[in-house]
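Residue numbers (my numbering): 13 to 208.
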């Protein structure tokens with residue numbers, strides 16, 4: 013029987029970006045009304061390009077090679093971590109995120125390319141449009157309406173400008189092992205953006 017590997021395709025953050033997000037989480041966590049937030053471990057934060065779900069282990073080398081070929085046609089680009097918000101919105105927050113600015117056209121082109129490659133391999137594109145963000149917190153399911161409102165207000169009142177620049181030089185194929193204490197991520201392949 014072939015093992016299934018829960019996996020996704022993402023852009024990893026460098027130490028500067030991780031440190032900036034940790035600092036932001038610490039500052040937000042000290043604000044009144046943020047008890048409803050379950051903060052994401054800063055070292056686990058990444059920019060997901062495509063969630064694959066359970067993938068047969070035999071498919072991993074095929075996926076990595078297809079991605080390597082396409083990624084080699086894209087050059088490195090620069091993003092800036094900036095802004096703060098909630099999904100679906102600040103009135104009913106479920107996810108607290110940091111936004112991305114900078115060379116977003118290059119990011120969107122890369123994500124479309126990843127979607128096309130994966131579609132050809134039998135992993136259809138998402139139905140909802142790609143919305144690049146970094147999840148820094150999820151809201152506890154047990155949060156009351158009042159706690160949700162207070163968290164949303166805390167996020168809304170937090171003026172967050174540019175936090176850090178991120179030089180994107182590779183795409184990563186990542187394994188995700190779900191554990192009670194949180195997911196464990198393991199790099200399966202790093203695919204350089206080697207184009208010009």
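C-beta atoms are modelled at their ideal positions from N, C-alpha and C, and glycine is treated no differently.
Non-local beta-carbon contacts of residue 82 in its own chain, meaning distances under 6 Å to residues more than five positions away in sequence, involve 125, 129 in chain order.
With 16 or more other Cβ atoms from the protein chains shown falling within 10 Å of its own Cβ, residue 19 counts as buried. Taking 4 residues as the shortest admissible run, the stretch 46-115 contains the following complete alpha helix (DSSP H) segments, listed from N- to C-terminal end: 72-83. Remark: C-beta atoms of residue 200 and residue 183 do not approach each other more closely than 8 Å. Residue 91 and residue 108 have their C-alpha atoms roughly 19 Å apart. When the beta-carbon positions are compared, residue 76 and residue 15 stay at least 8 Å from each other. Cα atoms of residue 197 and residue 94: separation of roughly 24 Å, rounded to the nearest angstrom. Annotation: the stretch 138-165 contains the following complete segments of the beta strand (DSSP E) (minimum length 3 residues), in chain order: 146-151. Straight across, the Cα-Cα distance linking residue 57 with residue 98 is about 16 Å.
For residue 177, the enclosing beta strand (DSSP E) covers residues 174-180. The three-state secondary structure of residue 26, taken from DSSP, is coil.
According to the DSSP assignment, residue 204 belongs to the beta strand (DSSP E) that extends over 196-204. Judged by beta-carbon spacing, residue 52 lies within the 8 Å limit of residue 147, meaning their Cβ atoms are closer than that value.
For the pair residue 168 and residue 110, the Cα-to-Cα distance works out to about 12 Å.
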